[in-house]
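Colleague: For reference, the structure I am asking about is given below.
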Amino acid sequence: MRSPLKQLTSLAATAIFLVMTTASPAISNQTEPESSNATASNGFKPIRKKDWGKPQVRKVLHAFAFGGFASDAQIRKWSEMPPRKAIKQMLNFKIVNRELSKPEAWINGQNGTLADLQDLWGSNVGANPVRRDRYHEYTFLNDERTGVRGWVLPYVWVQATNTRGVNPFLHKVALYLTNYHMAISLENAGAGLMRQYYDDFIIGLNKGKTFTQLQYIGARSAAVANAYGHQYNAIWNGEFHGNDDFAREFHQLFFRIQGETEDREYHENVTIENTARVLTGMRVDLDPNAYGIQSGWGSYVGPIRFTDHNDPAGRFLQNRRTHKKACLEVLNDGATGSERKNICGANASEKLKRLVNVASRHPEAKANIPVKIIRFFGDDNLNKRKIQQIRAEWKSMKQKDLLNFLREYAISRIFHQPNTFKYRNSFDRVLIAKNMNTLSNEESFARHVRADWRLNNQQARIFSPIANVFGGQTGQQAASNQSLFRRAYADNVNSPWYFNDVDVDRTPENGLPRDWVKNWAKTMPGPENLRRRVKNVGEWLWKRFTGDRGDNFELLARAQVFSILATGRDFGYRAYEAGYISDMNQILTADDIRSNPDLVALHNSHKKTKMVLNDRRLDVRKLWNRRVGTAVNFITATPFMFALEGK
Amino acid sequence: MTNSLLTRRRLLTQALGGSTAAMLAGTLGSRPLLAHHSASDVRKVLVHVMLLGGADFRHLIAPAPGSAYANAFWQARRGLYQNPAYGSYAQCFNAEYTEVSLGGGGFGIHKNADWLRRQYNSGNVAIISNVFGSLNRAHDHSQLITMAGDLDADRLGTNRDGWGGRLAEAISDEANVVSLSGGVPIFCKGSDPAARLDQVVHASNTRDFSLPKGHGHDQSESKVLARALKSYYLGRGPSALAEHQRNWPFAIFFQHAAQIQAFGDQLDARLESHVADRPAAIQALYQGALTDRYWGGQCANLYDCMFATDILGMRVAHMEMGGWDTHANQQGSVDTKFSDIFGDDGGMKTVVNQLDQNLKGAERKLTFVFNSDFGRQLRANGGNGTDHGRANYSIVWGKQVNGGAYGELFPNSEISNNGNGQSPLETEGSDIEGRTSIERVFGALCDWVKPGTGDAVFPNRGTSALEFGTTMDFI
């Protein structure tokens, strides 16, 4: 057992090392999975070059990377590249993807794990960009150092996805793995194990692990053993003691095998019951000094040691002795020849390693896993033809390479065809909006907007999936939920500051290096000093936030956006103010506007107004930038923020 | 047409017909129904309560001691009763259960569900035994099957109709399913793929239902956004729907806004005039009297909605409670849940009593049915819990229920040799044998709401499984 002093010394050394060096030795930033396939697969047909352009690039970023942080110039570059070349830059599992999320100085040296980010953001080292009065929102240990604080993890994750230099695609895939496909909750796993679970996938993805290997990481993890309770499964005196909870969900959730291709009784009485015995001898170590805890009970820590040993708390854990030693028959019903293999191994880890390989080849797994993945990332309108292609693509990969699969899908014709659409769950909608509205890390850390509160209000709970082990909110669930729609709408109406605050003053308390003031002019395309017309700003904002090509930015949406940008008022108020209508609350249709020359003229005057977003006069600059934020509130509450079209 | 039974479909059809924005924003929103609303205005309402996770109703209902079954039951399940650990089944039964008096007794209902027991004795509770939907023991698929009311539901087919939605359609196009929970599950959805939510109202918080009006003065950003968004949604919605195909993905959000606008102000006005302040007992449900405040909030929503069934078109309602997947330490978990639902301070008793006091007679129009993913295995597992099983009890409450036990409550087959020298109660992995299809139970409930709808909602129920000697005349 390590002493508390050694542990602290080790942690401090790690933190210093990570800040000082440019890359963590354990993590590759150049990883390109060996199995990456540069040729077209049998399943997905790649989009034609002529159909690949900026809207398609933006769509990929919205669907796979919470919008990403690529500049307009970068988006144009990708749109001009062959799709397969572009997608390799856009979507990869590097810790830092410079094209997608250009780092700012401080990020160098981080390995992208939540633990690493938390160590920095909760510390008082000079490189920490977090404002001083917010450090406590990242620190893992409680003030008394008696335990860890799980409630900070959601915010750490949200901040990671909003930080330039962190790879948002990598973290979206890790979200899928830990909160949807192999979901467990913070409450059931415990904070330390939950964080480790997530970080193990970050590392696994970065190292190019196959999907099957990722499933193995999940299946043998301490977090899952604690969350499901099979850490207490054991063989005593030849008799099994425990439950079959994860034994079932291993198949049904991790591998999507429900036993439909097996005899029902065989599946229940052999496959499930024997899997419960595979999962014996998985007690999790308890460490009184985990994470720097100095007193109290300590915390569970992973990875599981599959031996008979004393854990740091002094408990004698008999993970070898209590494991079912005999080979076990699992998923063998209907298997023939060489496929008919029992699951052997000296401990649970060895058996699980064999079992994941058997399970991954199971016909139900091959049929269902890829559909589940695509439904999460890209399509809520799957049909038989699309499902056939998805399955064929998955089947064509000898090694189940998740990265290559997602890339091929992202540049496939079925993803970009008109009858494909994706309802955005609250994670996507809230985080895309936040990322598109955050123009620099300086802004992200100075403003310190708690998107996790908004996510929570809209039923997107990171590390506490709303359907527990069945995962977080889906796009379909979000779209059907009228109350959720109303909440999202009301959040924008009731809290305009969320998008339109434009300044944060430096104070001794927050320790900011300087006052921060918003400047959209630096991000919008075109020369910096150009006075931008409202029309151009409005159209640019619409595309940036919704991912829509602009088809849906019709007269009524334009009337409101242009009015807000030009005057800070809604179109109805402006028309009422000018005496063109008698009630500022009157509902106006497009025909109402078109048929009234005064309203047309008013709209045109708004459209032509020039905005000076980088005016030298600070108050003027703030005024214009604030109006952009108010327009963002409007745009992000329209229907086009709630779904992403395929075309 | 009156405003009072305006469904989403009619709302949109009319909106598309030409009066559009003026109708949506003006007519509907500005004429709240302030007329007195009494129990006689309330029509029959079926409340579907989904207990998510697989509720072990064998823990709610237990055999009286002294029989061979009771002995086997105790041997199989004594691991569930750990706090305190009992020396005998009689001791356990006396401490945990109270024997019912109706029909000669023979079984007990958990003491934390004492209101349910008294209601059973009064003939208001039907316990239908050995009811099955899913046979696969998987949560997601089993919930899908139960919510859809379709034993053959495709496990990947999540974009589909539910039996509550089909029931609303079968009643009339003026009937709606009201989801009182945090989401709108498949149970509520209708059969038209392009219009699944046409007859659904989502009332997850009846006190925060209408479109936000913004705060501050007329020029405040909040007011600006409230006006801009309302004008946009209601002005653009009808034309957008007319311009696009029915499966246009954005249609649903225009529909949400239109529906909230149509119902919201009227609901606000009705609640203000009839039940401005919820009774203290109702408030307590979501302010700490119950362990599960989410459940308490849904009960409060139900109470409110009973004062506005005409506005909402409510004929079917959906509620839910999670946390029934009790693989470990089942006793501690289910005891509080029984109490929250069926206890003397629980949600059911409070809502029924408060309606009796404040909208007398309305409670007689309500029938509740309690379902779950599946039942659980007969034997306790090594973690003092139970693992996934298949068949279960269906519990139905209502003043119009023909109370009693339907089907074999504790099947003799569970203590008979199953061919390998053991009885199911002695065999790891055994569960309750499914004998009666959910289609039979749910179909009868549909017929109660409106005669003749059962066959429309469950076209195969006539050939579906029914336990020998059992009739579905519980209502």
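Top line first, the protein sequences correspond to chains A and B. Here this note's numbering runs 2 ahead of the position in the first sequence, where the first position is 1. Here this note's numbering runs 637 ahead of the position in the second sequence, where the first position is 1. In this text, a Cβ means the ideal position worked out from N, Cα and C, and glycines have one as well.
#1: When you compare each of A:Gln320, A:Phe378, A:Gln91, A:Phe68 to A:Lys79 by their alpha carbons, which one comes out closest?
#2: Nearest chain A C-beta to B:Asp941 closer than 8 Å, yes or no?
#3: With the cut-off set at 8 Å, would you say B:Ala763 and B:Asn1039 are in Cβ contact?
#4: Cβ closer than 8 Å: which chain B residues qualify as neighbours of A:Met586?
#5: Starting from B:Met687, trace the beta strand (DSSP E) both ways and give me its first and last residue.
#6: Is A:Trp542 helix, strand or coil when you go by DSSP?
#7: When you compare the CB of B:Thr795 with every CB in chain A, is at least one pair closer than 8 Å?
#8: Run down chain A in chain order and give the residues with a C-beta less than 8 Å from the C-beta of B:Arg873.
#9: In its own chain, which residues sit with a C-beta less than 6 Å from the C-beta of B:Met1109, not counting the 5 before and 5 after it?
#10: Mind listing the chain B neighbours of A:Ala492? Cutoff is C-beta to C-beta under 7 Å, in chain order.
#11: Within its chain, find whatever has a CB closer than 8 Å to the CB of A:Tyr157; leave out the 5 residues flanking it on each side and keep chain order.
#12: Helix, strand or coil for A:Arg431 per DSSP?
#13: Counting only C-beta atoms, is A:Asn321 closer than 8 Å to chain B at any point?
#14: Here's a check: name, in chain order, each residue in its chain whose Cβ is nearer than 7 Å to the Cβ of A:Val358, leaving out the five neighbours to either side.
#15: Indicate whether A:Pro170 and A:Ser103 have their beta-carbon atoms separated by less than 8 Å.
#16: Touching or not, the segment 852-870 of chain B and the segment 906-918 of chain B, by the rule of three or more beta carbon pairs under 8 Å?
#17: Among residues of its own chain, excluding the 5 on either side of A:Arg535, which ones have a beta-carbon nearer than 8 Å to its beta-carbon?
#18: My output table needs one value for B:Ala923: the three-state DSSP class, helix, strand or coil.
#19: Tell me whether A:Ala645 sits in a helix, a strand or coil according to DSSP, three-state version.
#20: How would you label A:Asn260, buried or exposed, when you count the other beta carbons within 10 angstroms and need 16 or more for buried?
#21: Only counting the same chain, and skipping five residues up and downstream in sequence, which positions put a Cβ closer than 8 Å to that of B:His778?
#22: Using a C-beta to C-beta distance shorter than 7 Å, which residues of chain A count as neighbours of B:Ser876?
#23: Where A:Glu352 and A:Gly114 are concerned, what is the direct C-alpha to C-alpha distance, given to the nearest angstrom?
#24: Pull the bridge partners of B:Gln1037 from the DSSP assignment, please.
#25: What's the call for A:Arg279, buried or exposed, on a 16-neighbour Cβ count within 10 Å?
#26: Indicate whether A:Ser590 and B:Ser868 have their beta-carbon atoms separated by less than 8 Å.
#27: In whole angstroms, give me the CA-to-CA distance for B:Met687 and B:Arg1072.
#28: By a C-beta neighbour count over all protein chains shown, 10 Å radius and 16 as the cutoff for buried, is A:Phe423 buried or exposed?
#29: Cβ closer than 7 Å: which chain B residues qualify as neighbours of A:Gln478?
#30: Going by DSSP in three states, A:Asn385 sits in which element: helix, strand or coil?
#31: Consider the Cβ of B:Val814: report whether some Cβ of chain A lies at a distance smaller than 8 Å.
#32: Beta carbons nearer than 9 Å to chain A: which residues of the segment 1027-1057 of chain B have them?
#33: What residues from the segment 225-236 of chain A come within 7 Å of chain B, judged by C-beta to C-beta, listed N to C?
#34: Among all the DSSP beta bridges, which residues are the ones paired with A:Trp238?
#35: What did DSSP end up calling B:Ser766 once you bin it into helix, strand or coil?
#36: Hey, could you find the ends of the alpha helix (DSSP H) A:Lys353 is sitting in?
Modeller: Let me lay it out:
#1: A:Gln91
#2: no
#3: yes
#4: Asp855, Arg864
#5: 682-688
#6: helix
#7: yes
#8: Glu556, Leu558, Ala559, Thr591, Ala592
#9: Arg1077, Ala1081
#10: Pro849
#11: Glu139, Tyr140, Arg452, Asp454
#12: helix
#13: no
#14: Thr214, Gln217, Tyr218, Ala221
#15: yes
#16: no
#17: Lys609, Lys610, Thr611, Lys612, Met613
#18: A small correction: the amino acid at residue 923 of chain B is Tyr; Ala does not occupy that position in the sequence shown. Note: B:Tyr923 maps to helix in three-state DSSP.
#19: strand
#20: One point to set straight first is that residue 260 of chain A is Gln, not Asn, in the sequence displayed. It is buried - the Cβ of A:Gln260 has at least 16 other Cβ atoms within 10 Å.
#21: Ser771, Ala790, Arg792
#22: Thr591, Ala592
#23: 29 Å
#24: B:Gln1037 is not bridged to any residue.
#25: buried
#26: A small correction: the amino acid at residue 590 of chain A is Leu; Ser does not occupy that position in the sequence shown. Yes, Cβ-Cβ distance for A:Leu590 and B:Ser868 is below 8 Å.
#27: 21 Å
#28: buried
#29: Thr795, Asn796
#30: coil
#31: no
#32: none
#33: Gly231, Tyr234
#34: A:Glu241
#35: strand
#36: 350-362
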